[in-house]
Every structure is written in structure tokens, then in C-alpha cells.
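Structure record follows, encoded as C-alpha cells.
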Amino acid sequence: MGSHRRIVVLTGAGISAESGVATFRGPDGLWEGHRVEDVATPEAFARNPALVQAFYDARRARLAEVAPNAAHLALGRLDAAWPGELLIVTQNVDDLHERGGARRLLHMHGELKSAWCTACGTRHRWEGPLRHNPPCPACGAQRLRPDIVWFGEMPYAMDRILHALGQCDLFIAIGTSGQVYPAAGFVETAREVGAHTVELNLDRSAMSNRFHERRLGPAGTLVPALVEELLA
71 MGSHRRIVVL TGAGISAESG VATFRGPDGL WEGHRVEDVA TPEAFARNPA
121 LVQAFYDARR ARLAEVAPNA AHLALGRLDA AWPGELLIVT QNVDDLHERG
171 GARRLLHMHG ELKSAWCTAC GTRHRWEGPL RHNPPCPACG AQRLRPDIVW
221 FGEMPYAMDR ILHALGQCDL FIAIGTSGQV YPAAGFVETA REVGAHTVEL
271 NLDRSAMSNR FHERRLGPAG TLVPALVEEL LA
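Adding 70 to a residue's 1-based position in the sequence shown gives its number in the working numbering.
What follows is the structure in C-alpha cells.
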């Protein structure tokens, strides 16, 4: 893979699908049986908070039923062994990267195991349900919501992500659709600074033609092989 020193890795739903985590939209356009507009917008939460809370409560509970796969574990190994700069940016809200050993990690779309108090603005690690409106541990208000970036909201840590992209010499996208912005535009940002760009995906994505290199196949096979190359 050459003499790269500064790596940015973007991961999407495809990397967790191999662990049994449902992808964002199925072929019928629904997300686990729901229209996205009914569970993934601020308007949906204002309209029917009980439905939205129950939806994310169920997804949070299911995390106990899945485990990191070979791709998560390989990225954890890369994080531990890579001597240069590394930032793993995930669009996923599960905790499989952490359980796979990744530490230099950002969840740009939030985390299932986090609750955000809209009264005082604090965020808390959260394992249990939210549908019964528990009080905020900081201020006591019953205004906790899933700490998830919904449609119409700004992804987290964009300044840090864009800074890393502007400095990287290798950009790797794993299991992404290339349809959700701003993440879909990261490959262009990396190319502008001369980074080599690599896509690992089960099938070609909407942005495949913008990558210098494309490797098609399961993430559980492709990611460990790429990590081996990088650490060789």
C-alpha cells in the first residue's frame, strides 16, 4: 500500500451488516419496517415521541445479540498497531467498533448507547430504554432523546473530520452506499489533497468511480487483508 502515514477510514452499514445489524434502508425503502420519516427526523420525534423512543430502545437492546466481526477486529488491530495518524469515522450508531478495539474513532451520526438531554444539553452513556421518559442524571428533566443524528440535523465532529481528511494521504471507505451526504463527499475531499482512495464494498457504490482502487467482497474478508498490507 505504499508509504502512507495519515489514514482516514470511513465505515458504513455494510461493515455491521455482517454482524447481523440491519442496514439503514431495505430494498422496500423501509428501515426495520418503518418509514424513515416516521423514526429518523426531529419532526417524527415531535409528532410521536413514543414510537421513536420504542424504535431506538429496540435497536439498543439488540446490540447485546450481535458481536464484532472480522472487519471490526481488523480495524481495532490497525488502531492499536498503526504508528502514524489514524481516524476511523463511522456512520454507524452501534458499538461494534469499540468492542472490536477501535479507539481513534468518531461516530458522526451519534450512538445508540448515548442519551442527550434537550433541557440541559448533556449527554450520558445509556444502556436501558428511554420510552418511559426517565429523568436526566444531570438536571432531572424528563427530556432525554436518542443521541442520534436525524435527517435535517448536522453530523457530529465535522470540523475534526474535515481537518483529518485535509491532512490524510490514504482514505478508505468500507461498506458505504455513497448516497448519504456529507459522508459521500469525503472521497472528493481526500482526492483534493492528493490522498490515495480505496473502496471496500460488497457491491459498487454510488461513488465507486471516484476511488482510485476498488475491492469488492465481504468486509470480513477484505478489511483484514488490507490491514495486513498496511501493517506489513
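Where is the CB? At the ideal position from N, CA and C, for every residue including glycine. Keep in mind the model is a prediction, meaning the values are calculated, not measured.
Residues that residue i bridges to, as DSSP identifies them
i: Pro216; result: Ala185
i: Asn271; result: Leu286
i: Phe256; result: The partner list for Phe256 (beta bridge, DSSP) is empty, contrary to what the question assumes.
i: Thr81; result: Thr160, Ile244
i: Arg261; result: Arg261 is not bridged to any residue.
i: His194; result: Ala185
i: His266; result: Leu240
i: Leu175; result: Ile158
Reduced DSSP secondary structure (H/G/I, E/B, other) of residue i
i: Glu155; result: strand
i: Ala234; result: helix
i: Val91; result: coil
i: Thr160; result: strand
i: Arg201; result: coil
i: Arg76; result: strand
i: Gly180; result: strand
i: Ala211; result: coil
i: Phe221; result: coil
i: Val136; result: coil
i: Gln249; result: coil
i: Thr291; result: helix
Cutoff 7 angstroms; reference residue i; Cβ partners in own chain excluding five residues on either side
i: Arg174; result: Asp149, Leu156, Leu157, Ile158
i: Ser86; result: Asn162, Asp164, Leu166
i: Arg129; result: Leu182
i: Val257; result: Phe241, Ala243, Thr267, Met277, Arg280, Phe281
i: Glu107; result: Ala114
i: Ala151; result: Leu301
Other residues of its chain near residue i: CB distance less than 6 angstroms, five sequence neighbours each side excluded
i: Leu292; result: Leu270, Arg285
i: Gly146; result: Gly170, Gly171, Ala172
Minimum Cβ-Cβ distance from residue i to chain E less than 9 angstroms
i: Pro112; result: The structure shown contains no chain E, having only a single protein chain.
Residues of its chain near residue i, where Cβ-Cβ distance is below 8 angstroms and the 5 sequence neighbours each way are ignored
i: Ser278; result: Gly248, Glu269, Asn271, Arg284
i: Met178; result: Val159, Thr160, Gln161, Val219, Pro225, Tyr226, Ala227, Met228, Ile231, Ala253
| Quick one: any contact between the region 136 to 143 and the region 207 to 220, if contact means 3 or more CB pairs under 8 angstroms? | no
| task | Decide yes or no for the touch test of the region 73 to 91 against the region 182 to 199: beta carbon pairs closer than 8 angstroms, at least 3 of them. | result | Result no; under three Cβ-Cβ pairs closer than 8 angstroms.
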